[in-house]
Structures are given as structure tokens and as C-alpha cells.
Amino acid sequence: MKSRIFQPKLVVYAALAFYMVLTVWVHLRVVGSQMSRTVTIRLAHWQNEVGPAAGLNAVIARYEELNPAVHVKQMVIPPSVYRQWLRTNFVGENAADIVEYGAWLQGMSDIPVRYFAPITAELQEPNPYNRGTALEGVPWLKTFTDELLEQRMNSPEPGQYYAVTLARGSFRLFSNRQLLREVTGSDQVPTTLIELRAMAEQLSAYNRTRQSPLALFAGSKDTATLLMGMYLTGTTSCMVPKLDRDGLLSLYAHHVLGGYLQGKWNFQQPALLAGLTLLGEFSAQMKPGFQQLSRDEAMREFLHGDALFIFAQTGTAMTLREQASFRVDALRAPQPTKDDPVVGSYILGPFADGNDMTSFGFYLNKRSPLKTEAIDFMRFLTSEEGNALFSAKSGWPPSIRGVPMSREVAAFVSPADGYMLGIGYFSAGGNSRDLLARNLYRLTGPQGSPAKLALALDEQMPEAARADLAALARDAWLAALPQDARIAALGGLVRAQPEQSAHLLAREQLEAAQNQSEARALMLGRQMK
Amino acid sequence: MQAGVSCIPAVGSAASELAEVWNYVANSQPVEARSALRLVELIDSRERALADVIMALTRLPITGDRLRALDLSLTGLAVGSDDISAQALYLRARLHQVHLASPNYARAGELYRELAKRHPASHWAQLGLVKLGLIALYALTEPVDAADRLAEVTALLDAITEPALRRDLQIQIGWAGLFYDRPLDEVLPHLIAAEREGGLFGLIPEDLVLQIGELSQRAGNFEQARSYFERFLREYPVSLRRYSVEQRLLELVRRMKVEGGS
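Quick note, the sequences are listed as chains A and B, same order.
Count along the first sequence from 1, then add 216; that gives the number in the numbering used here.
Count along the second sequence from 1, then add 784; that gives the number in the numbering used here.
This is how it looks when you write it as C-alpha cells:
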């Protein structure tokens, strides 16, 4: 006798029902997982100081809250390997979707045109993340405090914008307020070079009462190069009108290098000798052997309370303030005055100690499969909300108009109250950049003098200037040559679609850019002859 | 609606496929361009040959044998009177000017001149004259005298009718005039004309306005200098050189008071 529950029909129905439920369940699981699947965009940079990574994390957290389908991965790459890392990853087609880049990175001038996508068109549109703010409806480009000046100066393709910037910065003399009070008996800070010298004398007297002397400046090759480079240019500003053949009130690298080769200036000239004398004074205020030390060691010296000041970029402020057991103040660079006994005769007036240009530029990887998502994140990053989050957590001044700043952060912005003189004598190229550091020992010590240093510099500068001009010419050709194919292709487009005026405009712009680069390369070539 | 649809070019047509190839090259995406070109069928043989040359130009540097082959191919394409032949002749000149390991400026110059003679109204000929001007400004050894050199290049402007290209060459004539220390009265008209044409980008518009102001002051044309300095301060509020220009303007106004204008 068969049990009623084992009826075959019932078993078939049950199996069918089970199959249907299973099908629906599998379908729901697949659809569900597709709906919750996120894409990951990667953002890479080299800012490993305290601040930027935390700032970016705050922006990312908020962005992911607003866009649950997108995950943003921040990659902080050590600055010492960043260039190699970037190139290797681009060549291997494994680069991050958004990457930090700087036009000053040596040996990398081919990277932007090859691997970055211009974002000019996007920048002409309002940033949607600014809806409901004072920046609503404002073209994205116009929301940056400097309208992306750095891109106008260094764009790999004039007229195109490739990056958005996150912050502003300048140079500051960071002081140990407690130590300053102990040494000078007051909170008074130096605003002129004369006052700085007076403080150095007070420190010298103070040191006579101590077993281990304190330094005026925490010393290292990096911080000294910054300090000396800025002051040498700033205190020889009377040279700029003499070298400014083109009437630009500022010098480009080829003016400095070409001017040297044409005999328009040398290190023996009184202004330069005075500037080198000042560098000798600075050098004597750092601990012996500072040239063998790195910036981190100078920071340790300052944080340990062994130096009154450290000269640094404002990007390091958070690191200093977080690690110091004393109050760290950020001071404007003490300025030379006309009555300065060393450099007073050679200055036009105060010089800029930094500028109000935005920086920390992020570029879009041309090959990124997630360009839309990456652009969207770049928009949020530089929206009023995103940039405010970044600034608050990083301690870096914001790049976007109207984003509020604390008084401490606002102190890092240099107002336009000094001459901006352009490229300095030791920053016109990689070869001339190393000259000062390599020869500084000729300035200090019992046998050293400004004249000896000047002599050595003049012996080595011609070769360095020629090599740097050649590098500039090479870069200009690198920018010009790949445009031949693009211009020719635009010619094909004009032929194929003559009704589209956009092609004509694009060709006109590209040709103008190529003509400029090419003329520059030819002029530099002539300058070297 | 139907009428609107019929206006759209046929999807997949050789013309639109080729336009896609050009778009990829124009956007610096040579790998995608090459893949797209492989898919293009029924293409005019001259257009195909030109496309092959342009693809080669996306892979720089080009080596000796390949250059010779490209030159040969372009020589064949340059026969005729259409846009492709003008473009081919222009690209031949470019090969000699910039893509050879040792540039042959003299040969490039000959080809640019031939192009201007055969296709005077062609865009490629007009662009070629600008390139010829740049070579003459800096690369050729003759004429030795800078005034003659600049006069020779200035004469090319008569044949350049496209305003943007005229502007590009005029800026360079002005800047070369400064490079060769020519009198400011000779230099300034070129810079003023180029600035007036507009359409420039990067830092150049800012540089030009400032430069015209400063050079006018040096040339003793104080009213013109003041007008350009004031314009600079008005139009470039975020320039890093604002302070310098403000100081220069103050100095100029003081000087004008003392000397009673220009």
C-alpha cells in the first residue's frame, strides 16, 4: 500500500516549486550583488607629511557616503620613489585613476601629454557639488582662488587644463616661541634682516651661558637650499630689471641661464657677492655639517628644542605642530630693508615669501576605465564642502574661493605684498640647482669667503647653464613634436566634418601651442650657440 | 521624425569610422586609433596612405628607413591639387624640419615655399609659412644681420591671411626682435597687433599685456604704458606680478607728473 504523501504528481509539483523558488532566489542574489557592487577608483600622491592623508580620508569618507557605489582608495607613495613608481605604473598600464604630478619633477616632462587627459571642457561647467552654495552655477575653473594659475604657467599643452589643485602654500620661518622667549626675554619676532641679526647676537650671548649651543636655524641641505635660494633672489632684486630684456617684470629660466651665457651677469657682481655674503651669515647660524643632513633631521633638531627657527614650506606645519612640545609660530620671512648693511643697496623692495598660487595638483589618468567616476570625485574634492573638509583636517589652506580658514591656516597664505621675481639663480634647472649645495663649503670655514664661492660658481656655471638650456630646449621639442600627428588628424576631421567648427578651433589652438613650443625650442637652441 | 533620422550619417560608414580614427589621434590615443583604423573598410586609397603616415607620426622618434619610406609615400600623395596633397607636402616639410635626426632646415624651407606657391590658399601652406618664419628667425645661419632676418620674416606676413596664424608669427617676430635687441619701436607694433587679435591662452595674454606696458614705458610712450598697466591690473586680478605692476605704475605716474606726460 502506497502512502498518500508519496504520490508521484505531488513530488513533481514540489520539485517544480522548489526549482522556481531556487531560480528566483539565485536571480535575486545576482541582481542584489550587482546592485551593491562598488567600483574602486585609486588616487595616488606623495604628500606623506602629517595632514594631507587625513584630509583626503575625510573627503573620501564623505564622498563614499554620498556615492555608496564608489570606493576611493588613497595611495601615499614615498616622495623618494614617486617618480619611478609613477612611470613604471603608467608604462605597465596599472597607474592610479587620479595622480599627483608637478611640472617641476625632473625627467618627467613627457608624462602629462602621454598619460593625462585634459579636463578643460569639464572645468568650464559648474561643479555640481557646489549646488546650494555661493559657488552654485560658477564654472568650476572660476571656483579656484587663482583660477588654476599653475596650469596656465605649466600646462603640457598651452590652453588646456589637466589638473585641479587642492591647497595653497608658501614658505615660513617656524619659531619655537618658548625658546625665543628664553633667549630674548620677549615674544618679539624679527621682521627685518637687521632684527634677525640682532637676534643672532642675543643667541650668541645666550649660548655662552650654555654647554651645548643652540642654533638660530635648524640646518639641513634641504632647508638651507630653500632659505638660501629664496634670499639670494630676493636680496638681489635690482638685478631683475637688468636681466628682464623682455619687459616681463620677472625672470623665466631661459633669461637667467641665457643671460649668464651672454655675460649679462655673474657671481662676481656686487649684488651677487652681497647676496652670497648674506648666505654666509645664514650658514654660520646652522650647526656645522648641516649640508650632510636631510630635512627630517633638521625637523628633529627643531623639535628637540636645539634651534630657534626652521625655514620650511607650510606643508610641514602640521607635522611640526603635532610633534612639538612647545608652541610653533609661523612667521613671514624677515625682509631686507634699504638700510641693510649687507644687501640694502641691491633691493627693489620687499620680496614675495611664497605666492598665492594653488598647488597639490591632481591629474586624470587618460587610460583610466573609470574616468567618469574619477572626474566626479575630483569635483567633490574641490567643491566647497570637499575642500573645506580637506583643509580642516590637513591644516593646508584651501584652494577654493570662500572656504573658511582658521587664523593659523590663513597665516600660511602670502598676500601680494612683495616683488615676485621669477626663477632664481639656482632654480633654473637641475644642473644649476646643484651648484650652490656642491660649493657651499667654499663660503664657510676659516678658508672660506663669498669671493671664493663666487669664483668657483663662475667656473662651473657656464657648463651647468648650457646643460640646463639644452634640457629646456629638449622639453620644448618634446611638447611640440607629438602635436604633428594630432594637428594632421584634426586636418582629417576638418576634411571629414567641415560643418563642425569645434575641429577648426581645436586645430587652431593646437597649432598655436605647437608654434609657441617650437619657437621656444629654436630660440633656446640659438641661445646656446 | 523620420526626416530627422535620415539626416544622421550612416552608422558604420567609412567616413564616420575614419573620423573616429582621427578623433583618437587628436586625443593622443594612438593605440585605440590603430585598432580603429584596422576596422575601417572601403576607404579612399590616398586617405588610407595619409592615415598610415599619420599613424607613424604617433610613434616618435621615427628611424631612418621608416622616414625615407614616409617621405616617399608623402611625395606620391603630394601630387595633385586637393587638401590631401597640400597636407602631404606640409608633412614632407615637417619630416625634414623636425623629424630627421639632423634637421635639414634648408630643404624644409624649400618645401614650405613650394607649398605656398602651389596651394597659396590652403591652410597647410599658411601654417607652413609660419614654420618657415620660425626657422628663419632662429635656425638659419643667414642672413647674419638681425634686421635683415626680421625683415625677411616680416615679409612672410603678407601671404598669411588666416588671422590666428598671422598672430602666431607676429608674436614670434616681436619676441625675436627682443632676443636680437632690436629697437623697441620695431618690436612693439608686432606685439600690439598679436595681442589685439586675441585667442591666446596660458600665461601669454597676461605676459603680452604686461610686456607692452613695460616696453612702452622703456620706449618713452608713457600714456600707452599706463593704459596697458591699468588694463593688466583690471584683467588679471590673480596674477603673481600684481605687486610689481602696481609699483611700476606708481613710478610711471610720478614720472609723468615730473615730465608732463609722454
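Where a beta carbon is used, it is the ideal one built from N, C-alpha and C, also for glycine.
For clarity, every value in this text was computed on a predicted model and none was experimentally measured.
Boundaries of the beta strand (DSSP E) in which residue i is found, first to last residue
i                     : result
residue 527 (chain A) : 523-529
residue 383 (chain A) : 379-392
residue 287 (chain A) : 286-292
residue 545 (chain A) : 544-547
Exposed unless 16 or more other CB atoms sit within 10 angstroms - verdict on residue i
i                      : result
residue 850 (chain B)  : exposed
residue 1018 (chain B) : exposed
residue 593 (chain A)  : buried
residue 305 (chain A)  : buried
residue 320 (chain A)  : exposed
residue 234 (chain A)  : exposed
residue 446 (chain A)  : buried
residue 1032 (chain B) : buried
residue 745 (chain A)  : exposed
residue 737 (chain A)  : buried
residue 520 (chain A)  : exposed
residue 248 (chain A)  : Any reading at residue 248 (chain A) must be qualified, since the residue scores a pLDDT of 45, below 50, and its modelled position is unreliable; the value itself is stated next. So residue 248 (chain A) ends up on the exposed side.
residue 950 (chain B)  : buried
residue 901 (chain B)  : exposed
residue 584 (chain A)  : buried
residue 297 (chain A)  : exposed
residue 229 (chain A)  : exposed
residue 510 (chain A)  : exposed
residue 915 (chain B)  : buried
residue 848 (chain B)  : exposed
residue 251 (chain A)  : Any reading at residue 251 (chain A) must be qualified, since the residue scores a pLDDT of 45, below 50, and its modelled position is unreliable; the value itself is stated next. Exposed, by the Cβ-count rule.
residue 236 (chain A)  : exposed
Residues bridged to residue i [DSSP beta-bridge criterion]
i                     : result
residue 316 (chain A) : A:578
residue 255 (chain A) : A:286
residue 360 (chain A) : A:616
residue 983 (chain B) : None; residue 983 (chain B) has no bridge partner.
residue 551 (chain A) : A:408
residue 261 (chain A) : A:292
residue 638 (chain A) : A:467
residue 355 (chain A) : A:342
residue 570 (chain A) : A:386
residue 332 (chain A) : A:581
Limits of the unbroken alpha helix (DSSP H) element including residue i
i                      : result
residue 719 (chain A)  : 717-744
residue 948 (chain B)  : 947-963
residue 431 (chain A)  : Note, residue 431 (chain A): premise wrong, no alpha helix (DSSP H); beta strand (DSSP E) at 431-433.
residue 683 (chain A)  : 666-696
residue 911 (chain B)  : 907-918
residue 476 (chain A)  : 469-477
residue 646 (chain A)  : 646-655
residue 190 (chain A)  : Nothing in the structure corresponds to residue 190 (chain A), since chain A is present only between 217 and 745.
residue 889 (chain B)  : 889-902
residue 990 (chain B)  : 988-1002
residue 456 (chain A)  : 455-459
residue 1035 (chain B) : 1026-1043
residue 621 (chain A)  : Careful: residue 621 (chain A) lies outside any alpha helix (DSSP H) and carries neither H nor E.
The ligand HEM heavy atom lying under 8 angstroms from the CB of residue i
i                     : result
residue 314 (chain A) : The model depicted lacks the ligand HEM and carries no ligand whatsoever.
Problem - Within 9 angstroms of chain A by C-beta, residues of the region 921-955 of chain B in sequence order - result: 921, 922, 923, 946, 948, 949, 951, 952, 953, 955
Exercise for the section: Compile a chain-ordered list of the residues in the region 799-812 of chain B whose CB is closer than 9 angstroms to at least one CB of chain A. Expected result: 799, 800, 802, 803, 805, 806, 807, 808, 809, 810, 811, 812
Exercise for the section: Please name the residues in the region 835-867 of chain B whose beta-carbon is closer than 7 angstroms to at least one beta-carbon of chain E, in chain order. Expected result: Judged by its chain identifiers, the structure shown contains no chain E, and its protein chains are A and B.
Handout entry: chain B contacts made by the region 570-588 of chain A, where a contact means CB separation under 9 angstroms
Key = 571, 572, 573, 582, 583
Handout entry: Near-chain A residues of the region 866-893 of chain B (beta-carbon distance less than 7 angstroms), N- to C-terminal order
Key = 867, 871, 875, 878, 882
Handout entry: Members of the region 702-713 of chain A near chain B, C-beta cut-off 9 angstroms
Key = 702, 703, 704, 705, 706, 707, 708, 709, 710, 711, 712, 713
Practice task
Quick one: which residues of the region 973-989 of chain B get their C-beta closer than 8 angstroms to a C-beta of chain A? List them in chain order.
Solution key: 983, 984, 985, 986, 987, 988
Practice task
Return the residues of the region 368-382 of chain A that lie within a Cβ-Cβ distance of less than 7 angstroms from chain B, sorted by chain order.
Solution key: 368, 369, 371, 374, 375
Practice task
May I have a chain-ordered list of the alpha helix (DSSP H) segments no shorter than 4 residues that lie completely inside the region 809-856 of chain B?
Solution key: 814-823, 829-841
Handout entry: Within 7 angstroms of chain A by C-beta, residues of the region 1016-1029 of chain B in sequence order
Key = 1022, 1024, 1025, 1026, 1027, 1028, 1029
Handout entry: Short-range partners of chain B found in the region 438-465 of chain A, where Cβ spacing is below 7 angstroms
Key = 461, 462, 463, 464, 465
Practice task
Closer than 8 angstroms, Cβ to Cβ, to anything on chain B: give me those residues from the region 685-701 of chain A, in chain order.
Solution key: 693, 696, 697, 698, 700, 701
Handout entry: Members of the region 311-332 of chain A near chain B, C-beta cut-off 8 angstroms
Key = 329, 330
Problem - Contacting positions in the region 341-365 of chain A - beta carbon closer than 8 angstroms to chain B - result: 361, 362, 363, 365
Exercise for the section: Could you list the residues in the region 629-654 of chain A with a C-beta less than 7 angstroms from some C-beta on chain B, going in chain order? Expected result: 632, 633, 634, 635, 636
Practice task
With 7 angstroms as the C-beta to C-beta threshold (strictly closer), list the residues of the region 990-1007 of chain B near chain A in chain order.
Solution key: 991, 994, 995, 998, 999, 1002
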